[in-house]
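These protein sequence lines are chains A, B, C, D, E and F, in that order. Our numbering numbers the first residue of the first sequence as 82 and each following residue consecutively. Our numbering numbers the first residue of the second sequence as 82 and each following residue consecutively. Our numbering numbers the first residue of the third sequence as 82 and each following residue consecutively. Our numbering numbers the first residue of the fourth sequence as 82 and each following residue consecutively. Our numbering numbers the first residue of the fifth sequence as 82 and each following residue consecutively. Our numbering numbers the first residue of the sixth sequence as 82 and each following residue consecutively. Just so you know, even glycine gets a beta-carbon here, dropped at the ideal spot from N, CA and C. Presented below is the structure to which this report refers.
6 protein chains.
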Amino acid sequence: MIIKNTYDVSDELLEELKHVSVSTASHTLVEMGYRNAYMQGILPMCFPEGQSSAVGRAVTLRFIPLREDLVKQQYESLTESPHRSALESIRKNDVLVIDTGSHMETGVIGDIFTRRLRYLGGQAIIVDGCIRDLIRIKDVNFPVFSKGIHGSAIPRTLMSVGFNEPIRCGGVGVVPGDIILADRDGVVAIPPQCIEEIVKSARDHDELLEKWIKLKLDEGASLHTHYPPNTEAKHEFEQWKKENGYV
Amino acid sequence: MIIKNTYDVSDELLEELKHVSVSTASHTLVEMGYRNAYMQGILPMCFPEGQSSAVGRAVTLRFIPLREDLVKQQYESLTESPHRSALESIRKNDVLVIDTGSHMETGVIGDIFTRRLRYLGGQAIIVDGCIRDLIRIKDVNFPVFSKGIHGSAIPRTLMSVGFNEPIRCGGVGVVPGDIILADRDGVVAIPPQCIEEIVKSARDHDELLEKWIKLKLDEGASLHTHYPPNTEAKHEFEQWKKENGYV
Amino acid sequence: MIIKNTYDVSDELLEELKHVSVSTASHTLVEMGYRNAYMQGILPMCFPEGQSSAVGRAVTLRFIPLREDLVKQQYESLTESPHRSALESIRKNDVLVIDTGSHMETGVIGDIFTRRLRYLGGQAIIVDGCIRDLIRIKDVNFPVFSKGIHGSAIPRTLMSVGFNEPIRCGGVGVVPGDIILADRDGVVAIPPQCIEEIVKSARDHDELLEKWIKLKLDEGASLHTHYPPNTEAKHEFEQWKKENGYV
Amino acid sequence: MIIKNTYDVSDELLEELKHVSVSTASHTLVEMGYRNAYMQGILPMCFPEGQSSAVGRAVTLRFIPLREDLVKQQYESLTESPHRSALESIRKNDVLVIDTGSHMETGVIGDIFTRRLRYLGGQAIIVDGCIRDLIRIKDVNFPVFSKGIHGSAIPRTLMSVGFNEPIRCGGVGVVPGDIILADRDGVVAIPPQCIEEIVKSARDHDELLEKWIKLKLDEGASLHTHYPPNTEAKHEFEQWKKENGYV
Amino acid sequence: MIIKNTYDVSDELLEELKHVSVSTASHTLVEMGYRNAYMQGILPMCFPEGQSSAVGRAVTLRFIPLREDLVKQQYESLTESPHRSALESIRKNDVLVIDTGSHMETGVIGDIFTRRLRYLGGQAIIVDGCIRDLIRIKDVNFPVFSKGIHGSAIPRTLMSVGFNEPIRCGGVGVVPGDIILADRDGVVAIPPQCIEEIVKSARDHDELLEKWIKLKLDEGASLHTHYPPNTEAKHEFEQWKKENGYV
Amino acid sequence: MIIKNTYDVSDELLEELKHVSVSTASHTLVEMGYRNAYMQGILPMCFPEGQSSAVGRAVTLRFIPLREDLVKQQYESLTESPHRSALESIRKNDVLVIDTGSHMETGVIGDIFTRRLRYLGGQAIIVDGCIRDLIRIKDVNFPVFSKGIHGSAIPRTLMSVGFNEPIRCGGVGVVPGDIILADRDGVVAIPPQCIEEIVKSARDHDELLEKWIKLKLDEGASLHTHYPPNTEAKHEFEQWKKENGYV
């Protein structure tokens, strides 16, 4: 039995997901029964000023510690290593998610790969391990997330073994086609069939209520009565919505 | 025998403590026989531009890994969980210090709690664990320190079990009423009876001498003679103070 | 709201629990919705030959990093420190569970404390941290579990701050009165109201089936058909039970 | 380009490999240019008394953190999950090598799976993660290696996603068909084309020399002259061989 | 046999090395057979705006956990501790590299030492451990790299035991006289005899080709054909160089 | 200023130290003001049955990560590498203490070195890192302590750089000539001038009292009155000594 996603998410829906924060999506997923969607310890190394989030479909790539004879064989061809194939397979609104096994002893992404991915319409690169050449990646000015930096390149210790398999990243299982949402708080991998509910829940509901709660807190309302709102506070909120033309 | 502080520190003294750096206070405490006051690995996630330090009295809060039946019971009431009670108990010049057991698998503080604490006169939040929704915490623009970020919220893995007990934070024992001093170098928990000496020592002494030593180093003085100053250098310093109207 | 257990377990039921393995109890608890009951990384340092398991009610004890003035005060009395009080409070069929915050820099239990606990009817000591003097603990020949060994004693780095509070141990929340089951595979903390079901489930069911499955596997049966048994294998099992006088 | 082994090793050669220690094989591989063959931190949890080593061809299995909807789907069939298929695919002289991503939060192998693997002619199980029910595995009395023990079972946190792919284990890349050699010192994964040289090197050479060196050391010979032997010591060794009928 | 460098690098060559990035140098060294030159986990804590890199000859300093009687003896003299001697020994274009054993429990460098080192012509300070008083180090505005921050000072837990010995830093062996290259991506320790080749390789070769590859990638060229360039792309590059006056 | 011991301990005193346990020595040292003498995480990998402890004077040895050119140079001579020189320098009642920087990626001691050290009168080997070939070390049957096992040998990743320098081992500073005491509870490094007091304190005092306390505990005495003994219990003890002919 192959572990795979069978649900497609439209580009329009991806666009709407950009208005949801990683923190909100992560919390909503726990409430929907998906306990393990936020990638632990994977933070933005480069994120363009003014961009609020990055969203796309997961293309996955997996590295293992190299074996000297097999990696030599792999490098004899310029076109056939899984990491190059994964990069060249990127389509509009894809996100490349890389499993190195939390390997901190070499970098697997530099500015050249980042540049190519951007050209192909990719939206972000997520690495459970290290990137290299952060200085030049910052020139490309593209969303790149990782656990750390290492100066050396792939052939120091790793070889790629496959792409578009289910992988691990930041302690989270990532299946090709998962929807990746990344912002300055980190990265969440969302099962595609959950996007609609997450977007709807964020849109209809939370934001107006949250805005009002913050207003009330700034006026001195207590957590006990206003977060979450008790019956009385809910009435107050309904009243406020009417008075301010939201209903 | 209850482990507790029995010494009160006035708001005026807290105000003076703001002029002492975490680094100076931490070093002075070691010299006074308190070896373990600096919290390891707890760094500013949000710190208002232009503010030099945050100072206040510790209110403590403790989480343990949740038990499914007990946490359900806890969430049935809006007013009685220890974490909400701790927050609502905050008074002017308090600092909330949270022990999650260095738990990195969920966030315990977001922008709503931060906003409430600020309203109540709290001065900072210190978490031995993760915060969430850093982006919105930055909108609140308030001193928040932690070991990391996680997208999910408390009920993913934790439940609160008590407040104003002695706790651990960053490898340091923190007793309610300890004085917390936090700046861009991190956080130190100070026994209240030590504040006066720390403030006095910083005020009378070190700063003028340190200023002069830096002047001398910039003129080429050697560490061997000037840091700390040997007898000759001390005379030189006394002379300089007279010549420059400090005595 | 105080986090506490409200269910009592009889000594008879505890006795029956001794026939359930930590592994079975841990798995059953996950199926009952309690995901986090097995203590990670806490293994037997001393376990009497011939004893299969240790069972008892949790008495909890908590240490924090010491503060020099407060620990001095604590040691001025021989009778009032929380760790001594916790030990002296032990009754028949209690297990002492100690939270040091995974502190590996000193030992909190030696042979003297172990000896006293045994005299009082305690069944085991579980430490999320280090023990000391393992050689002499082995002379006492009593079930003691920990994360490691350290030669030094409590006052090197720790002070006790309370007992019979909810604590953490091995990444598990432990509430006073939880039932502790420990064997050579480690330790599980069981909510008291779950014991009956765990004992019943182990007794009625699993053991005979498991015995039969092992017999079949040793004859070459496939996991696909016999573990868990499919419809046909279930009939086979019923047949076997009849033929062997189990029904 | 698929990363795979293309070299077959006969059962006879495997038999001979049993006379080589993990330590010797690991060192020889470094000298042959394979730097990374010894699996770090993976030690025997169960190893039959009197057996000196376990040898076989790697069958690989990979787990990732579970996703709730996909794991549910996986468990609806008894025959199709990758971990069951991997186990049932075991043939004589295979070794099952499991990549859980060093996941310490649940056990993936218990006594039932171990029993089945033994029946099918498997030689050992190697887990980069945890096993469960060590007590009953010891009844099976079969070579099982892991990083630790956890009481819970697979569905607590993991799901299997593939078998006979290249994987990671103990920081080593393992390709299906690699030859696994395991003894009380741990585990080494050997490229199949290297076996002949390793066996030959161990047989012809090292053992007699090493025996003689140990004899000399016990008589007081210095490392400087005898380990490795300098020109004079080599003559001495040749002489000794002649005198003792080895040549 | 003393482990030492015997090759001198001129100040002019050091100047040229400033144009090479840490990432390029680290990768070139792996290709030259030096696998382990990039220091893992040691990142800039302070780096002057506008400065692209820091370069100099390694002066090494080593700390061990203090012994109370010996450290007392050490502090009785102002001029003779190894850490003070190391600092005072700094000459133009030196870099101070400090081995604390990855000790995270006290800071070994503050603003005073940084100031003195800058006056003496030092180019950077690299610490495998913690610094203190980062706020004031930022006033000095000098390249300082470390693994973290701690508020306390040396005598809390450490004592210096030697300088200009071979040491460890970030998992890399550093021998006095090694050439240190540090930029925003971290730090690399280069054997002095390799500098010429690294500088030459970076100058002649890579930069123009890399510039052209980036141009081509931004026009949509594939990694498969252009990175590294295949035969056709190499011709294209030669053509481009001629057309643009580079040859 | 050279950090060194200036106090000699006689072989007779070493012999007496064998009657003190690591746990007692470690605790006494903390009371004497030496807080950091027990080596954390360094446990017996091989310890002869029937031997109670190992005692000797520290000869130290230090490794750093290898540099390819320098290690090649080192291996060109059989007699001059620091690790071989350290081994050959061993005299009666020495203990070899090895600092690898907690490096877990290769083994530095095998059965050959162990055999040589035993011949020369060495008493134990202590490694802050890994040993190799534990199976054959067990044939030598000699006290060897380490943090773990690795199959590979020194030249995989390390080179020795010096011996009889102050080093780190298990988080403890070790100075040549320190007295090493090792038993099944681990290892403690004792400043030589402290041996006499430790031996005396253990001999005169503790053992008889402790024997009596254990007797009383087995009769049901409380920790509150008998450990440590209060005034009344002290009288009781004096009485008991008289009655039993100890005074």
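So the candidates are the options; which of them puts its Cα closest to the Cα of residue i?
i, options, result
"F:Gly254", "F:Leu124, F:Ala205, F:Ile260 and F:Asn117", "F:Asn117"
"B:Gly137", "B:Ile206, B:Ile145, B:Gly191 and B:Ala167", "B:Ile206"
"F:Ala270", "F:Ile260, F:Gly202 and F:Ile179", "F:Ile260"
"F:Ile123", "F:Ala263, F:Glu291 and F:Gln320", "F:Ala263"
"D:Glu96", "D:Ile279, D:Thr195 and D:Gly251", "D:Ile279"
"B:Gly252", "C:Thr312, C:Leu239 and C:Asp299", "C:Leu239"
"C:Cys211", "C:Gly191, C:Asp175 and C:Ala139", "C:Gly191"
"C:Phe194", "C:Pro224, C:His184 and C:Glu186", "C:Pro224"
"C:Tyr327", "C:Leu298, C:Leu290, C:Gly301 and C:Glu300", "C:Leu290"
"F:Gln155", "E:Asn86, E:Leu296, E:Asp285 and E:Lys297", "E:Asn86"
Output the distance between the C-alpha atoms of residue i and residue j, rounded to the nearest integer angstrom.
i, j, result
"B:Gln274", "B:Val90", "8 angstroms"
"D:Gly229", "B:Arg148", "24 angstroms"
"D:Ile248", "A:Thr181", "11 angstroms"
"D:Phe226", "C:Asp266", "15 angstroms"
"B:Lys219", "B:Val208", "16 angstroms"
"A:Val256", "E:Ser170", "57 angstroms"
"C:His316", "D:Arg165", "22 angstroms"
"A:Ala135", "E:Ser303", "24 angstroms"
"C:Ser233", "C:Leu151", "20 angstroms"
"C:Gly188", "F:Tyr119", "11 angstroms"
Looking at chain I, is there any beta carbon in it that lies within less than 9 angstroms of the beta carbon of residue i?
i, result
"D:Thr141", "Looking at the structure shown, chain I is missing, and the protein chains on hand are A, B, C, D, E and F."
Between which two residues does the alpha helix (DSSP H) holding residue i run?
i, result
"A:Asp192", "Asp192 to Tyr200"
"E:His100", "Per DSSP, E:His100 belongs to no alpha helix (DSSP H) and is neither H nor E."
"B:Ile248", "Note, B:Ile248: premise wrong, no alpha helix (DSSP H); beta strand (DSSP E) at Ile248 to Cys250."
What residues of chain E sit near residue i, judged by a beta carbon separation below 7 angstroms?
i, result
"A:Ser233", "Ser107, His108, Val111 and Tyr119"
Whose Cβ in chain B lies nearer than 8 angstroms to the Cβ of residue i?
i, result
"E:Tyr200", "Leu298, Asp299 and Gly301"
Which chain A residues are close to residue i, counting only those with a beta carbon under 7 angstroms from its beta carbon?
i, result
"E:Leu304", "Arg165, Leu168, Glu169 and Arg197"
Which residues in chain F sit within 7 angstroms of residue i, going by Cβ to Cβ distance?
i, result
"E:Tyr327", "Residues of chain F passing the Cβ test: none, with the nearest at roughly 35 angstroms."
Could you please give the first and the last residue of the uninterrupted beta strand (DSSP E) stretch that includes residue i?
i, result
"E:Ala283", "Taken as a continuous stretch (DSSP letters only), E:Ala283 belongs to no beta strand (DSSP E), as it is neither H nor E."
"E:Glu186", "Asp175 to Gly188"
"E:Ile218", "No beta strand (DSSP E) contains E:Ile218, which is instead part of the alpha helix (DSSP H) from Leu215 to Val221."
"A:Val253", "Val253 to Val255"
"F:Phe128", "That residue, F:Phe128, is in no beta strand (DSSP E); it is neither H nor E in DSSP."
"E:Thr141", "Ala135 to Pro146"
For a contact defined as C-beta to C-beta under 9 angstroms, what are the partners of residue i on chain D?
i, result
"A:Met240", "Ile84, Pro247 and Gly254"
Is residue i close to the ligand SAH? I mean its beta-carbon at under 8 angstroms from any heavy atom of the ligand.
i, result
"E:Arg143", "Looking for the ligand SAH in the displayed structure turns up nothing, as the structure carries no ligands at all."
Using a cut-off of 9 angstroms between C-beta atoms, extract the partners of residue i located in chain A.
i, result
"B:Leu124", "Within chain A, no residue comes near B:Leu124; the closest Cβ sits about 13 angstroms away, beyond 9 angstroms."
Which bits of chain C does residue i rub up against, with CB to CB less than 7 angstroms?
i, result
"D:Arg237", "Val111 and Arg116"
Kindly list, in the order they appear in chain D, the residues whose Cβ is closer than 7 angstroms to that of residue i.
i, result
"A:Gly330", "Because chain A spans 82 through 328 in this model, residue 330 of chain A falls outside it and cannot be assessed."
| request: Pull out every residue of the stretch 93-110 of chain F whose Cβ sits closer than 7 angstroms to any Cβ of chain C, in chain order. | output: Ser102, Val103, Ser104, Ser107 and His108
| task | Pull out every residue of the stretch 178-196 of chain B whose Cβ sits closer than 9 angstroms to any Cβ of chain A, in chain order. | result | Met185, Glu186, Thr187, Gly188, Gly191, Asp192, Ile193, Phe194 and Arg196
| task | Using a Cβ-Cβ cut-off of less than 7 angstroms, list which residues of the stretch 273-291 of chain F approach chain C; keep chain order. | result | none
| Against chain F: residues of the stretch 200-232 of chain C by CB proximity under 8 angstroms | Tyr200, Arg213, Asp214, Leu215, Ile216, Arg217, Gly229, Ile230, His231 and Gly232
| said: Along the stretch 129-155 of chain D, where does the CB come closer than 7 angstroms to a CB of chain A? Name the residues. | reply: Ile145, Pro146, Leu147, Arg148, Glu149, Asp150, Leu151 and Gln155
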